[in-house]
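**Student:** In the numbering used here, the protein residues as written are -13 to 330.
Here a beta-carbon is modelled for each residue, glycine too, at the ideal position from N, C-alpha and C.
1. Decide if residue 193 is buried, meaning its Cβ has at least 16 other Cβ atoms within 10 Å, or exposed.
2. Okay, do the segment 116 to 134 and the segment 238 to 250 touch, 3+ Cβ pairs below 8 Å being the bar?
3. Quick check: the segment 208 to 217 against the segment 146 to 159, are there 3 or more CB pairs under 8 Å?
4. Measuring only the C-alpha atoms, how far is residue 179 from residue 157?
5. Please report how far the alpha carbon of residue 140 lies from the alpha carbon of residue 237, in whole angstroms.
6. Tell me whether residue 70 sits in a helix, a strand or coil according to DSSP, three-state version.
7. Do three or more CB pairs link the segment 282 to 297 to the segment 91 to 100 at distances below 8 Å?
8. Is it right to say residue 273 is buried, meaning 16 or more other beta carbons lie within 10 angstroms of its own, or is it exposed?
9. Near residue 283, which residues of its chain fall below 8 Å by C-beta distance, leaving aside the five closest residues on each side in sequence?
10. Quick check: the Cα distance between residue 319 and residue 104, rounded to an integer number of angstroms?
11. Are residue 76 and residue 37 closer than 7 Å when you measure CB to CB?
12. Going by DSSP in three states, residue 77 sits in which element: helix, strand or coil?
13. Between the alpha carbons of residue 360 and residue 182, how many angstroms are there, rounded?
14. Taking 8 Å as the limit between beta carbons, can you name the residues of its chain near residue 224, skipping five residues before and five after?
15. Along the chain, which unbroken stretches of the alpha helix (DSSP H) at least 4 residues long are found entirely within the segment 123 to 205?
16. Note down, in chain order, each residue of its chain lying with its Cβ closer than 8 Å to the Cβ of residue 61, except the 5 sequence neighbours on either side.
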């Protein structure tokens, strides 16, 4: 099977034709990836070996493609369906930069007619990470897509609100009945408002000014903070220190799942967002949580209430394009970077 592989920690990405074609278990789908999006975890895994169970390893955990084989107990999809999502990382068959990869039937999403396959490839990691952070981490009630809650006077602070995970965190917070203040760069203000943010704060301004603006905006109604960048622990502690005497329990979720934050001001409860173990047999609790959330995400995507962000399509068609896309993403692209891996 053709695809991209890395032979060892710090090894180079290379296109090869000697990958082993995966075979789906009873609850899995064999999918032909058409588009793949790059995530920071790809380079993290290559450089550190974190989450990689064996070498060679194939990257790409944001995939959109076509079902070509269905496991004996998989009932949600059929051959020919177009699916997308994050299906785990680091284990054989999980890498999307290949002719075929594996999806779990119960945590795959079906592409809606109003989005393209390329757009669908950008949505899995971001939306699933945001869902975990908000609905599990910030103690926000899972909304009913058929009966959305009214917008309350409670606020969610989304750090990195102009990025992929941050954009979905903004959208899902609004759909869950919360107002949103997004911390963004100047170039991402428009994206944050497009996603539904009520207010923005420029993270490049002095910290004291940011916190003063956040307090003025939220008026004692800020109890939930999500950091979608992993680099805002000290800032969050300063915000929590300023609001620690406000009534109500406080919650903080972060994609930084490796740092010990210790006791937080105001007794805020910390939730590490750990999507990495997704789809592994030993991750039963995480898989069951995502299974609940997938149905809600699917409903929102189908009616256009959760929308893909902007993306850049890099290179031509072929697995070489994924390697090129990694370089573009590593260079600091403001948009999600996507490669077309093969023809339908």
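**Tutor:** Reading it off the structure:
1. Position 207 of the chain shown, counted from the first residue, corresponds to residue 193. Counting C-beta atoms within 10 angstroms of its own C-beta, residue 193 has fewer than 16 neighbours from the protein chains shown and is therefore classed as exposed.
2. Short answer: they touch.
3. In short, these stretches touch, since the Cβ pair count reaches three.
4. Taking the chain shown and counting its residues from 1, one reaches residue 179 at position 193. Taking the chain shown and counting its residues from 1, one reaches residue 157 at position 171. Between residue 179 and residue 157, the C-alpha separation is close to 10 Å.
5. For the purposes of this step, residue 140 is taken as residue 154 along the chain shown, with counting starting at 1. For the purposes of this step, residue 237 is taken as residue 251 along the chain shown, with counting starting at 1. So the alpha carbons of these two residues sit roughly 13 Å apart.
6. Translated into the one-based positions of the chain shown, residue 70 becomes position 84. Three-state DSSP puts residue 70 in a strand.
7. With a cut-off of 8 Å, the segment 91 to 100 and the segment 282 to 297 count as touching, because enough Cβ pairs lie within range.
8. Taking the chain shown and counting its residues from 1, the one referred to as residue 273 is at position 287. The C-beta of residue 273 has 16 or more other C-beta atoms within 10 Å across all chains shown, which makes the residue buried.
9. In the chain shown, the residue the question calls residue 283 occupies position 297. Close CB contacts of residue 283 within its chain, under the 8 Å cut and outside five residues either way in sequence, are with 95, 113, 114, 117, 292 (chain order).
10. In the chain shown, the residue the question calls residue 319 occupies position 333. In the chain shown, the residue the question calls residue 104 occupies position 118. Residue 319 and residue 104 have their C-alpha atoms spaced approximately 17 Å apart.
11. On the chain shown, position 90 is the one that residue 76 refers to. On the chain shown, position 51 is the one that residue 37 refers to. Taking 7 Å as the cut-off, the beta carbon of residue 76 is found closer than this to the beta carbon of residue 37.
12. Counted from its first residue, the chain shown places residue 77 at position 91. Coil at residue 77, not helix or strand.
13. There is simply no residue 360 to check, as the chain begins at -13 and stops at 330 in what is shown.
14. Locating residue 224 in the chain shown gives position 238, where the first residue counts as 1. Once the five neighbours on either side are set aside, the close Cβ partners of residue 224 are 193, 197.
15. Counting whole runs of 4 or more residues, the segment 123 to 205 contains the alpha helix (DSSP H) stretches 150 to 161, 175 to 181, 193 to 204.
16. Taking the chain shown and counting its residues from 1, the one referred to as residue 61 is at position 75. Closer than 8 Å at Cβ, skipping near neighbours: 91.
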